[in-house]
Amino acid sequence: MACVKDFEDYAYKYLPKSALDYYISGSNDEQTVNDNIKAFKRYKIRPRILRDVSNIDTSTTILGYKISFPVCIAPTAMHGLAHDEREIGTCKGAFRAGTAYTLSTIANSSIEEIAESNPNALKFYQLYIFKKDKSVTEELVRRAEEAGYKALFLTVDSPFFGKRIADEKNNFKTPAHLKMANFESLKGYSRDGVSKNSGSGSGLGEYSRRLFSSSVTWQDVIWLKNFTKLPLVLKGILTAEEARKAVEIGVSAIVVSNHGGRQLDGVPASIDALREVVKAVQGSNVEVYLDGGVRLGTDVFKAIALGAKAVFIGRPALFGLAYDGAAGVEKLLNILKEEFNTSMALAGCRNVRELQTEESLVVHESYYSRL
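For what it's worth, the numbering used here labels the leading residue of the sequence shown as 6, then goes sequentially.
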């Protein structure tokens, strides 16, 4: 295995079709999921030369916690479809590579299982706000706090489940041996909702529509921020207007994200939306992250140079998990780290701070058409 594409090729070859389609598919005709990757190629690196790059430091911080390089694991659902180690293996691989892991609410390993199996890992927890009342959300938040998670990532781009044609064609449902681990003790929230469906679409889509609120507003964000002891990160912001509102409320960070192209199709690629959001939060303490389309160390380099504090990867981590459990995730992350290290050296940057402050280090390709 020499690059992320090798892990992806392995997953394409060995994962069951329904699991692979669930992981890789986007919504509608998949404009955004495809553009997320293609868009990185539209940005060019303008390297600095004749600098001493004999000692490269790829480390940085996220929410005050040190990580070995600016790549973390994004929340993705149901890792048990990829490997028997489930989310436990993904978290372990991230820890061994020196970075952070974000657990999805829709996971096959529970908040507590992850914490008990990876007590020293840097862990974040992703959640939605649930229907009916806030008691379920409150319980999940308290469980995450008590288990030692360091931040909450609230997904804000999913009032409804995106139309995922591949899942509908596959009549997607989870295998009988997998559970919705965070809901096992909650009446009405068990795995039955996702292991069965009406026969006309995705079981997970039906399950999500039944559980997650479509009436979440900024008032709910304020409520959650006041309720939790943890830093609050909003995942799914693509515009300056929404970024400024997040700053006003006082969130700790924003993830520039289009949900991996799985929600509203036709929105900008994450890397294209990044600069707009970064400019909108200038002068505040709000950190900006990015997910979507990262496949290479040069992709990481470009995102950091354009203002992201860190990037998060979803599908690549699943490909690594499918290949060899925790060891596969660790190997994939270390490949990305080495690629990022090489990119820094060849561009004349000795540390992440230099990468973040060097003017016009990365530009859109249109820069050259204006010369």
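Even glycine gets a Cβ: it sits at the ideal position worked out from N, Cα and C. Values in this document were obtained by computation on a predicted structure and should not be read as measured data.
Alpha carbon of residue i to alpha carbon of residue j, nearest angstrom
i: residue 205; j: residue 175; result: With a pLDDT of 49 at residue 205, under the threshold of 50, the modelled position of this residue cannot be trusted; read the value that follows with caution. Roughly 10 Å separates the two Cα atoms.
i: residue 303; j: residue 35; result: 24 Å
i: residue 367; j: residue 62; result: 19 Å
i: residue 365; j: residue 189; result: 51 Å
i: residue 67; j: residue 129; result: 11 Å
i: residue 377; j: residue 221; result: Outside the displayed range of the chain (6 to 376) lies residue 377, so it cannot be described from this structure.
i: residue 43; j: residue 223; result: 32 Å
i: residue 56; j: residue 349; result: 11 Å
i: residue 132; j: residue 138; result: 15 Å
i: residue 373; j: residue 328; result: 40 Å
i: residue 147; j: residue 58; result: 46 Å
i: residue 356; j: residue 344; result: 14 Å
i: residue 359; j: residue 40; result: 29 Å
i: residue 376; j: residue 363; result: 20 Å
i: residue 31; j: residue 45; result: 18 Å
i: residue 149; j: residue 111; result: 14 Å
i: residue 281; j: residue 294; result: 13 Å
i: residue 167; j: residue 60; result: 45 Å
Whether residue i touches residue j by CB criterion (8 Å)
i: residue 72; j: residue 65; result: yes
i: residue 226; j: residue 216; result: no
i: residue 232; j: residue 292; result: no
i: residue 322; j: residue 334; result: yes
i: residue 353; j: residue 52; result: yes
i: residue 312; j: residue 272; result: no
i: residue 33; j: residue 296; result: no
i: residue 235; j: residue 159; result: no
i: residue 109; j: residue 91; result: no
i: residue 341; j: residue 9; result: yes
i: residue 326; j: residue 84; result: yes
i: residue 330; j: residue 88; result: yes
Cutoff 7 Å; reference residue i; Cβ partners in own chain excluding five residues on either side
i: residue 219; result: 164 and 165
i: residue 191; result: 141
i: residue 69; result: none
i: residue 305; result: 75, 76, 299, 316, 341 and 345
i: residue 186; result: 112, 113, 114, 115 and 118
i: residue 339; result: 102
Same chain only: Cβ atoms within 8 Å of residue i, ignoring 5 sequence neighbours per side
i: residue 320; result: 13, 28, 29, 81 and 265
i: residue 48; result: 276, 307, 311, 367, 368, 369 and 370
i: residue 25; result: 16 and 17
i: residue 1; result: Summary: the structure shown does not reach residue 1, with the chain confined to residues 6 through 376, and so no result is reported for it.
Rounded Cβ spacing between residue i and residue j (contact assumed at less than 8 Å)
i: residue 99; j: residue 78; result: 5 Å
i: residue 120; j: residue 152; result: 4 Å
i: residue 279; j: residue 310; result: Incorrect: roughly 10 Å between the Cβ atoms, too far for contact.
i: residue 260; j: residue 289; result: At roughly 16 Å, the Cβ-Cβ gap does not stay under 8 Å, so residue 260 and residue 289 are not in contact.
i: residue 257; j: residue 237; result: 6 Å
i: residue 162; j: residue 241; result: 3 Å
i: residue 169; j: residue 267; result: 7 Å
i: residue 324; j: residue 16; result: 4 Å
i: residue 245; j: residue 285; result: 4 Å
Cβ shell of residue i (< 6 Å), same chain only, five flanking positions each side left out
i: residue 136; result: 218
i: residue 96; result: 106, 119, 123 and 126
i: residue 21; result: none
i: residue 183; result: 85 and 113
Open item on the list: If we require 3 or more residues per run, which beta strand (DSSP E) segments fall completely within the stretch 206–262?
Closed with: Correct list: 237–242 and 258–261.
- [ ] For the stretch 16–82, list the alpha helix (DSSP H) runs that are entirely contained and at least 4 residues long, ordered along the chain.
- [x] Within the stretch 16–82, the complete alpha helix (DSSP H) segments at least 4 residues long are 22–29 and 36–45, listed from N- to C-terminus.
TODO: Mind listing, in chain order, the continuous alpha helix (DSSP H) runs of no fewer than 4 residues lying wholly within the stretch 73–135?
DONE: Considered as a whole, the stretch 73–135 harbours 91–101 and 116–122 as its complete alpha helix (DSSP H) runs of no fewer than 4 residues, in chain order.
Task: Complete runs of the alpha helix (DSSP H) confined to the stretch 291–323 [at least 4 residues] - done: As summarised for the stretch 291–323, the continuous alpha helix (DSSP H) elements at least 4 residues long and confined to that stretch are 302–310, given in chain order.
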